[in-house]
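Chains as they are written, first to last, in our numbering: chain U, 18 to 151; chain V, 9 to 416.
Quick reminder that beta carbons are idealized off the backbone N, C-alpha and C, glycines included.
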Amino acid sequence: MSYSDKVVDHYENPRNVGSMDNDSGEVGTGLVGAPACGDVMRLQIKVGENGIIEDAKFKTFGCGSAIASSSLVTEWVKGKTLDEASNIKNTDIAEELALPPVKIHCSVLAEDAIKAAISDYKTKHGAAGDSEAS
Amino acid sequence: MGVNTQENPVYLDYQATTPTDPRVVEAMMPYFTQKFGNPHSRNHAYGWDAEEAVEDARKQVADLIGANPKEIIFTSGATESNNLAIKGVAQFYKGKRNHIITCVTEHKCVLDTCRHLEQDGFEVTYLPVKENGLIDLEELKAAMTDNTVLVSIMGVNNEIGVIQPLKEIGALCRENKTFFHTDCAQAVGKIPLDVEEMNIDLMSISGHKIYGPMGIGALFVRRRPRVRLVAQINGGGQERGMRSGTLAPALCVGLGTACEIAKNEMAEENERMRELQMHMWNRFKEELPEVYLNGDLEQRVSTNLNVSFAFVEGEGLMMGIKDLAVSSGSACTSASLEPSYVLRALGVEEELAHTSLRLGIGRFTTKEEVDYATDRIIKEVQRLREMSPLFEMAQQGIDLKSIQWAEH
């Protein structure tokens, strides 16, 4: 299988590999996929008080397209509001990386990872707000 | 050793195919040009020369497996041989016996042939394998009945290189008056084979897996006690009526020469390759945590390693080692996302099956190449593990099985 230059670039020079403190209230973590399926993505976002994503980190178990998709979305979500980030579509990712049809699921997984990270942040944030109020 | 690049990678995929040995090519050449005759032409020297070459080749093939030349049928390759053996025997004895036993880790062409026969009313038992990839002889014995016409068990598995107990299987079959077919595409020239000692009735052989040309194979069909089969290709009645079609003398000579070289050099070659194999495996074990060998280490050909590098997906790994030509047990490259059915049959969990590489060592593999490949794989596994959430979680002591994964 031949990979697009962009996939190769992200695979060889992945952006924003790493971990954030999952216990921090500023951090939302999305863990999607399954080892048995050959793809697991973990995307973490750090959200500022203004509701803008300040930083993003990923780690991915998967093929080159899965690594590239998650690397790409860490770049894309930074500087966006949660609403803006949740509008990132798998088709945008697939188009940017020129993924072949057999690799579309990698972009779907990356979209799921963004949504999961946002949802985790919102859950935490909501819970933190409640405890402050009580 | 030349420079290893993506265009000219180190070849470590000897189970997929082998380069044709230059000595084989040399022996074949005259049969394309000066000695171009049809071996079935009985009226002139061109035909006689070609026929003589074909018969010499038949003897070379027979000699490697302890057979009589009259028991060797040339075919287009092991897939055709497997089809002819299984369908041919099943169809000939249909009505008398209609049960076939094979094994879940057989090559697709055996399994698909058996599936086809099931549709024709035959009953097929697919034996499981143990964790080491070998069948359980007791289970084979228990599966055999008076109705069992054929047992088809491969000599050496193409993915994991394990050697099935052919002699023991042969003895059980003979006792039950059941024919024993073995797909030896990966076994011929790698391990000593003797159709008499092993009670083998039919054996499939491939040219291009043993440094011979592609497009030729053979089927051994025992004469005493006689095995009869229904031809699958009808025509001029060549190959004792079992396989019509004009033989290709150049290809026959190529297969014969490859068999002769294998016979003469197998022992020495095995010793050299075993050293390379163990060197590579020992380095993986010593330099990386969490590496697992798939398939038995002892009952294994010297030419194969199948290793799972936990927490690193196989296709992702292959992308990082494009200067190596290897194959992965992860099927992400194909349309299906299922990992190797062979590894699954061993009980290798799907997550580990996705992390496997098949590394094939062969006649032209050097120590330098093995060390280069080992260095590259270790470095890439380390890089990708740093990027793997599963590796991080495992290091933190999180049991990956305790997590509710959303299977997609």
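For V:M211, DSSP records a beta bridge to V:T190 and V:F228. Cβ-Cβ distances below 6 Å link V:T265 to V32 and A35 in the same chain, with the five nearest sequence neighbours on each side left out; the list follows chain order. DSSP places V:I199 outside both helix and strand once states are collapsed to three, so it counts as coil. Counting the other Cβ atoms within 10 Å of the Cβ of V:H362 gives 16 or more, which makes it buried.
Look at V:C260 here: in three-state DSSP terms it is helix. The C-alpha of U:Y138 is placed about 41 Å away from the C-alpha of V:S335. Here the C-alpha atom of U:M37 lies approximately 18 Å from the C-alpha atom of U:L89. A direct Cα-Cα distance of roughly 59 Å separates V:V261 from U:A130. Listed in chain order, the positions of the region 100-115 of chain U with a beta carbon within less than 7 Å of a beta carbon of chain V would be empty, since no residue qualifies. Going by DSSP, V:V320 is part of no beta strand (DSSP E) at all; its letter is neither H nor E. The bridge partners DSSP lists for V:H107 are V:E131 and V:T156. Apart from sequence neighbours up to five positions away, the residues of its chain that approach V:R391 with a beta-carbon distance below 8 Å are G328, ordered along the chain. Counting only Cβ-Cβ distances below 7 Å, U:I62 has no contacts in chain V at all, with the closest Cβ about 15 Å away. Taking U:R59 as the centre and dropping the five residues before and after it, the same chain places the C-beta of L48 and K76 closer than 6 Å to its C-beta, in chain order. Separation of the CB atoms of V:Q68 and V:E268 is rounded to 5 Å, and the pair is thereby assigned contact status at 8 Å.
Nearest CB-CB separation between V:G324 and chain U: below the 8 Å threshold.
Here V:M162 is actually not in contact with V:E131; their C-beta atoms are around 20 Å apart, not less than 8 Å.
One thing to note: V:G303 has its Cβ within 8 Å of the Cβ of V:G169. Residue pairing by DSSP places V:N91 in no beta bridge whatsoever. In this structure, U:C123 keeps its C-beta atom at 8 Å or more from the C-beta atom of V:E321. Along the region 24-82 of chain U, the beta strand (DSSP E) occurs as fully enclosed runs of 3 or more residues at 44-51, 56-64 and 70-78, listed in sequence order. Cβ neighbours of V:H48 within its own chain (closer than 8 Å, five residues either side excluded): G55, E59, G244, Q246, T254 and L255. Per DSSP, V:V309 lies in no alpha helix (DSSP H) and is assigned neither H nor E.
In its chain, beyond the 5 residues on either side, K63 and G65 have a beta carbon closer than 6 Å to the beta carbon of U:E71. Close to U:V90, with beta-carbon spacing below 9 Å, lies no residue of chain V; the smallest spacing is near 15 Å. A straight line joining the alpha-carbon of V:F399 with that of U:G35 spans about 12 Å. In this chain, the alpha helix (DSSP H) harbouring V:Y54 covers A53 to I73.
At a cut-off of 8 Å between beta-carbon atoms, V:A61 makes no contact with chain U. Residues R32, N33, L60, A73, K74 and F75 of the same chain have their beta carbon placed closer than 8 Å to that of U:T91, with the five preceding and five following residues left out of the count. Here V:A226 really is in contact with V:I80; their C-beta atoms are around 5 Å apart, less than 8 Å.
Using a C-beta cut-off of 8 Å, the region 80-97 of chain V makes contact with the region 117-125 of chain V, since at least three inter-stretch Cβ pairs fall below that distance. Chain V places no beta carbon closer than 8 Å to that of U:R32, leaving this residue out of the contacts. Within its own chain, the residues whose Cβ lies closer than 6 Å to the Cβ of V:R182, once the five positions on either side in sequence are excluded, are N207, listed in chain order. Residue pairing for V:V164: DSSP places it in a beta bridge opposite V:I171. By the Cβ criterion, the region 143-152 of chain V is in contact with the region 100-111 of chain V, since at least three pairs of Cβ atoms, one from each stretch, lie closer than 8 Å. For V:I386 against V:E306, the beta-carbon gap comes to about 25 Å, at or over 8 Å, which does not count as contact.
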